[in-house]
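Here is the structure we will look at.
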Amino acid sequence: MVQLNAVGQLIKHGRRTSKSFIQELELGLGLEMVWIPAGTFLMGALPDETGHSPDEEPQHSVTIDSLWMGKFLVTQAQWEAIANLPQISLELEKSPAYFKGADHPVEQISWFEAIEFCARLTVKTNQLYRLPSEAEWEYACRAGTLTPFHFGTLLSSKVATCNDSATRGKTQRLWQHTTPVGSFGIANAFGLYDMHGNVYEWCADHWHVNYYGAPVNGSAWITDGDATRRVIRGGSWNHVPANCRAAFRAPDDPEDGHDDLGFRLVCSELKEEL
391 MVQLNAVGQL IKHGRRTSKS FIQELELGLG LEMVWIPAGT FLMGALPDET GHSPDEEPQH
451 SVTIDSLWMG KFLVTQAQWE AIANLPQISL ELEKSPAYFK GADHPVEQIS WFEAIEFCAR
511 LTVKTNQLYR LPSEAEWEYA CRAGTLTPFH FGTLLSSKVA TCNDSATRGK TQRLWQHTTP
571 VGSFGIANAF GLYDMHGNVY EWCADHWHVN YYGAPVNGSA WITDGDATRR VIRGGSWNHV
631 PANCRAAFRA PDDPEDGHDD LGFRLVCSEL KEEL
């Protein structure tokens, strides 16, 4: 069930304004989805960006269709609600996270488990839920910006759950674990939280070592690459700010789950009959 009172209304996020709806998972527990408008952006990073890697080249123009994206990372409470639903292809552990907390992001999730979560949620709601393509993820993260982070050129542990101990000249990390989603109260212009740090986020794409031949329509790139690995985005509590940049991308084994790896949902089309 979708709470219709939220659909189509303007939800204000400081200077930001966006549409959102809440997908009910169980009584008293929902999943808030934010409207991401269609647009065109430059994907990737220029060679002079601090932390730049060759796999972020070449910077290229991509056009994204409108979609709904999770305002927050999927939490442990949301995961458990869906993990309790009937199995479709894969059994799901009810409480897989290492760092426990109902409002903390779920982690130690493999790519295949994230796909199973999407499938169960799709059946439950009659809405198509999936992982974002990495182009959709970067577009949503940037929210119209060109800087390494959606709020500027620098990132610190005061505004994101990351490991900036080296840049602060400290040996002790401020964060040695995940934090509740949205803890810092900082959303980007689309109204999305925790796009930098906390946990890495699975994307739908196979791994490619650069962007030569990449789709320019925002679709997931699942041809001509390494099908044994999937793309992760966004950085984590365990990694340096350079790994939390909007352009940063890395490969991971889809069967692996780490204590710094979770996911965020996309709903491509909200059906009229709810």
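The working numbering numbers the first residue of the sequence shown as 391 and each following residue consecutively. Ideal Cβ positions, reconstructed from N, Cα and C, are used throughout, including at glycine. Model, not experiment: these values are computed from the prediction.
Exposed unless 16 or more other CB atoms sit within 10 angstroms - verdict on Lys410: Looking at the sequence shown, residue 410 is not Lys but Ser. Buried is the label assigned to Ser410, since at least 16 other Cβ atoms lie within 10 Å of its Cβ.
Quick test of your reading: Arg635 and Phe539, contact by CB under 8 Å. State the CB separation rounded to the nearest angstrom. Taking 8 Å as the upper bound for CB-CB distance, Arg635 and Phe539 are in contact here, some 6 Å apart.
N-terminal and C-terminal residue of the alpha helix (DSSP H) that Glu528 is part of: Glu524 to Arg532
Taking a contact to mean a Cβ-Cβ separation below 8 Å, would you say Phe653 touches Val464 in this structure? yes
In angstroms with no decimal places, state the Cα-to-Cα distance between Val549 and Ile576. Distance from the CA of Val549 to the CA of Ile576, rounded to the nearest whole angstrom, comes to 8 Å.
Run of the alpha helix (DSSP H) containing Glu497, from where it starts to where it stops: Unbroken run through Glu497: none, as it is neither H nor E.
Exposed unless 16 or more other CB atoms sit within 10 angstroms - verdict on Gln477: Looking at its Cβ environment, which holds fewer than 16 other Cβ atoms inside 10 Å, Gln477 is exposed.
Look at the alpha carbon of Asn516 and the alpha carbon of Ala492, and state the distance between them as a whole number of angstroms. 25 Å
Where His403 falls: helix, strand or coil (DSSP): Interpretation of His403 is limited by its pLDDT of 35, a score under 50 that renders its predicted location unreliable; the figure taken from the coordinates is listed afterwards. Collapsing the DSSP output to three states places His403 in a strand.
Reduced DSSP secondary structure (H/G/I, E/B, other) of Leu415: Leu415 falls in the strand class under three-state DSSP.
For Val549, three-class secondary structure by DSSP: coil
Separation of Trp469 from Trp425, as counted between CA atoms: 22 Å
Is it right to say Glu659 is buried, meaning 16 or more other beta carbons lie within 10 angstroms of its own, or is it exposed? It is exposed - the Cβ of Glu659 has fewer than 16 other Cβ atoms within 10 Å.
Residue burial classification, Glu524 (beta-carbon count within 10 angstroms, cutoff 16): By the C-beta density criterion, Glu524 is buried, having at least 16 other C-beta atoms within 10 angstroms.
Would you list the residues sitting across from Trp469 in a DSSP beta bridge? According to DSSP, which records beta bridges pairwise, Trp469 is partnered with nothing at all.
So, using beta-carbon positions, are Glu447 and Asn600 closer together than 8 Å? yes
By the DSSP assignment, the beta strand (DSSP E) with Val452 in it spans what residues? For Val452, the enclosing beta strand (DSSP E) has its first and last residue at His450 to Ile454.
His596 lies in the beta strand (DSSP E); which residues open and close that run? For His596, the uninterrupted beta strand (DSSP E) run begins and ends at Tyr590 to Trp597, by DSSP.
Spatial distance of Leu564 from Thr551 (CA atoms): 9 Å
With a threshold of 16 other CB atoms inside 10 Å of the CB of Lys343, please say whether the residue is buried or exposed. In the structure displayed, the chain extends from 391 to 664; residue 343 sits before or after that span and is not available.
Rounded straight-line distance, which links the Cα of Gly542 to that of Arg619: 31 Å
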